[in-house]
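Reading through the structure tokens given below for one structure.
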Amino acid sequence: MRPVAAPLEPRAVVVLDTRPVEEPPEVAAAVTQVVRVGFGVVAVALDVVLRSLEGDRHGPGRGDRRSPVVDLADIVVGTAWGAARLSGRVALTGSRLASPVVAVVVRPPGVPAQLQLGNRLGVLAARWRRDRPGTVLDVERVVSAVVDQIDLDLLAAQVLRRLDTDTLATGVLRDVDLDRLMSDALDQLDLTQVVLDRVDLGRVIARALEQVDLTATVMDNVDLVQVAEYVVTAIDLPEIIRESTGSVASEAVRGLRMQGVDADAAVARAVDRLFFRRANRRTPEETLPPQVADGPDPARDPG
Amino acid sequence: MTTVPSGAGRARPHIDPVPVEARPIQGRRAGVVTRTAANVVDFGITVGVLLGGYAAWSAARFLVEPAHFSWPAPPFLAILAAGSVVMGLYFTCAWATTGRTYGDHLLGLRVVNGRGERVRWGLAAVRAAFCLVVPIGLFWSAVSRTNRSVQDTVLRTYVVYDWTTRIHRPGAVGTPT
Chain A
0 MRPVAAPLEP RAVVVLDTRP VEEPPEVAAA VTQVVRVGFG VVAVALDVVL
50 RSLEGDRHGP GRGDRRSPVV DLADIVVGTA WGAARLSGRV ALTGSRLASP
100 VVAVVVRPPG VPAQLQLGNR LGVLAARWRR DRPGTVLDVE RVVSAVVDQI
150 DLDLLAAQVL RRLDTDTLAT GVLRDVDLDR LMSDALDQLD LTQVVLDRVD
200 LGRVIARALE QVDLTATVMD NVDLVQVAEY VVTAIDLPEI IRESTGSVAS
250 EAVRGLRMQG VDADAAVARA VDRLFFRRAN RRTPEETLPP QVADGPDPAR
300 DPG
Chain B
0 MTTVPSGAGR ARPHIDPVPV EARPIQGRRA GVVTRTAANV VDFGITVGVL
50 LGGYAAWSAA RFLVEPAHFS WPAPPFLAIL AAGSVVMGLY FTCAWATTGR
100 TYGDHLLGLR VVNGRGERVR WGLAAVRAAF CLVVPIGLFW SAVSRTNRSV
150 QDTVLRTYVV YDWTTRIHRP GAVGTPT
């Protein structure tokens with residue numbers, strides 16, 4: 000990144016120009032690249048044409064013999080490729096030899112800088128660099144307009160129809176790290192929340208239970224004896240049985256006790272009425288040791 | 000095979016064996032009717048014990064002198080003394096061990112001290128003697144606003160409804176219900 004000084008103001012700050020610096024390419028390398036691209040285009044075009052011809056020739060029962068047209072095309076293109084390589088070397092050598100002369104011609108000594116051809120060319124190049132982003136934007140606008148006019152859905156459908164999706168899927172499965180892809184995707188998702196929001200868990204569980212023999216699963220996987228021992232221990236079942244059978248199991252005993260309780264209450268009400276008492280008796284539970292330990296207030300307790 | 004988690008540190012659930020209709024009265028002081036009924040049962044037991052002793056004594060006499068056997072005729076005071084001893088021991092042992100005589104058990108009662116615990120041997124013996132000397136003191140529980148007899152008032156004991164079989168030892172933290 001290249002630091003660029005902001006205009007000098009009292010509160011000026013230095014901002015960093017994040018635009019990449021584009022170095023002008025070497026002329027020889029650029030020419031070489033252009034030539035290679037040109038040959039690449041020719042090769043692709045020839046490949047398309049020759050493949051169509053080969054498709055016609057390799058029809059049913061025609062065998063796999065190489066077409067002479069292909070050989071002829073390879074000879075022509077190979078000759079042109081060799082000539083281009085030779086021309087490139089000659090041009091490279093010539094440019095190296097001519098570069099001092101060109102330098103003198105472009106920037107002749109004794110000529111004012113404003114009148115030097117090199118400087119004029121530099122100005123033109125700088126102007127082009129300045130205007131180039133605008134032209135790129137124009138291209139993007141044109142491309143966008145063209146794309147807007149195209150039915151991308153139809154285009155995609157046609158592309159997909161012509162694609163060998165099996166091969167494509169195989170290639171994707173071979174080249175893509177699906178584990179890492181899924182892991183990254185899951186890292187960005189709150190999967191639990193997604194499931195809670197979008198899955199009918201009751202229905203899922205109901206369907207799962209329909210397909211699973213839960214009883215058999217429990218019988219096979221759970222130590223029921225251990226569970227039973229745990230429950231019996233947790234609720235102290237022996238103590239419950241002992242209490243139930245030892246004290247309150249008999250209906251006769253239970254009835255006798257309840258009748259005794261009712262009789263106690265009846266007698267207490269009768270006595271209280273006899274002594275014109277209005278307040279209920281104070282018979283608190285003896286489960287409150289602090290109050291019971293000291294006993295009720297003697298002043299209010301005639302007993 | 001799934002294992003059952005350890006129950007360590009988990010509170011044990013309490014399942015109350017007492018019928019629902021009787022739960023509200025558990026731990027409350029009993030009235031005169033149930034206490035009298037329990038004492039009647041205990042009195043019957045005492046009479047039964049005396050009759051058993053009398054039968055054993057008679058059988059022993061018959062075995063020793065069958066030719067001159069006659070039914071023993073103990074004086075009333077001896078019967079009264081024997082009955083008092085039997086009943087006193089019975090009350091003392093019952094109250095000091097389980098907190099209840101058989102009559103108390105039948106009527107769902109328990110004798111506890113002021114802290115709601117089982118009474119100690121000494122207090123049980125004193126209470127048993129008090130009950131034998133002043134049995135009429137029981138009926139003060141009908142008059143008392145706190146359902147306490149004379150013995151309970153003096154000795155600071157209580158007779159409560161307790162349908163469970165748990166024994167509440169002296170000094171132990173707990174409730175009688």
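Chains as they are written, first to last, in numbering that gives the first Met the number 0: chain A, 0 to 302; chain B, 0 to 176.
Don't be surprised by glycine CBs; every beta carbon is placed ideally from N, CA and C.
Along the segment 200–226 of chain A, the positions whose C-beta sits under 8 Å from a C-beta of chain B are Asn220, Val221, Asp222, Gln225 and Val226, read in chain order. Residue environment for Met218 of chain A: exposed (fewer than 16 other C-beta atoms within 10 angstroms of its C-beta). Between Leu154 of chain A and chain B, the shortest Cβ-Cβ separation is not below 8 Å.
With a threshold of 8 Å between beta carbons, Met181 of chain A makes no contact with chain B.
Counting every other CB atom within 10 Å of its CB across the protein chains shown gives Glu64 of chain B a total below 16, marking it as exposed.
Annotation: Cβ neighbours of Arg280 of chain A in chain B (cutoff 9 Å, chain order): Arg28, Gly30, Ser143, Arg144, Thr145 and Asn146. Cβ neighbours of Val105 of chain A within its own chain (closer than 8 Å, five residues either side excluded): Gln115, Leu116, Gly117 and Leu120.
Residue state for Leu76 of chain B is assigned as helix, using DSSP reduced to three classes.
Burial state of Asn220 of chain A is exposed, judged by a 10 Å Cβ sphere holding fewer than 16 other Cβ atoms. Cβ-Cβ distances below 6 Å link Ala36 of chain B to Leu106 in the same chain, with the five nearest sequence neighbours on each side left out; the list follows chain order. For Leu162 of chain A, there is no enclosing beta strand (DSSP E), as DSSP gives it neither H nor E.
DSSP places Leu123 of chain A inside the alpha helix (DSSP H), whose first and last residues are Leu116 to Gln148. Inclusion of Ile239 of chain A and Pro16 of chain B in the CB contact set at 8 Å is warranted, their separation being smaller than that value. Remark: C-beta atoms of Asp263 of chain A and Gly102 of chain B do not approach each other more closely than 8 Å. Residue pairing of Arg117 of chain B in beta bridges, as defined by DSSP: B:Val111. DSSP places Arg28 of chain B in the strand class (E or B) of the three-state scheme. Taking Pro71 of chain B as the centre and dropping the five residues before and after it, the same chain places the C-beta of Tyr53, Trp56, Ser57 and Arg60 closer than 8 Å to its C-beta, in chain order. Using a CB distance cut-off of 8 Å, Val231 of chain A does not count as an interface residue toward chain B. Straight across, the Cα-Cα distance linking Leu167 of chain A with Ser66 of chain A is about 30 Å. Between Ala81 of chain B and Leu49 of chain B, the C-beta spacing is below 8 Å. Interface criterion not met: the Cβ of Ala95 of chain B is under 8 Å from no Cβ in chain A. In terms of CA proximity to Thr33 of chain B, A:Val260 leads the group A:Val260, A:Phe274 and A:Asp73.
The way I'd put it, the segment 108–124 of chain B does touch the segment 142–158 of chain B; three or more beta-carbon pairs between them come closer than 8 Å. According to the DSSP assignment, Val105 of chain A belongs to the alpha helix (DSSP H) that extends over Pro67 to Val105. Annotation for Val153 of chain B: the continuous alpha helix (DSSP H) segment containing it runs Val149 to Leu154. Leaving aside the five residues that flank Ser83 of chain B on each side, the residues in its chain whose CB is nearer than 7 Å to its CB run, in chain order, Leu131. Contact between Val118 of chain B and Arg126 of chain B is confirmed by a C-beta separation of about 7 Å, below the 8 Å threshold.
Leaving aside the five residues that flank Val142 of chain B on each side, none in its chain has a CB nearer than 6 Å to its CB.
With a cut-off of 8 Å on Cβ pairs, the segment 24–33 of chain A is in contact with the segment 84–96 of chain A, counting three or more such pairs. Taken atom to atom, the span from the alpha-carbon of Ser69 of chain B to that of Glu20 of chain B is near 55 Å. Our two residues, Phe38 of chain A and Ile74 of chain A, have alpha carbons roughly 14 Å apart in a direct line. The C-beta separation of Arg28 of chain B from Thr145 of chain B comes to about 6 Å, placing the pair in contact by the 8 Å criterion. Counting along the chain, no alpha helix (DSSP H) covers Val159 of chain B; the unbroken beta strand (DSSP E) around it starts and ends at Tyr157 to Tyr160.
The beta carbons of Phe90 of chain B and Thr97 of chain B sit no closer together than 8 Å.
Close partners of Ala264 of chain A in chain B (Cβ separation under 8 Å): Gly30. Residue contact check for Ile78 of chain B against chain A: no CB pair falls below 8 Å.
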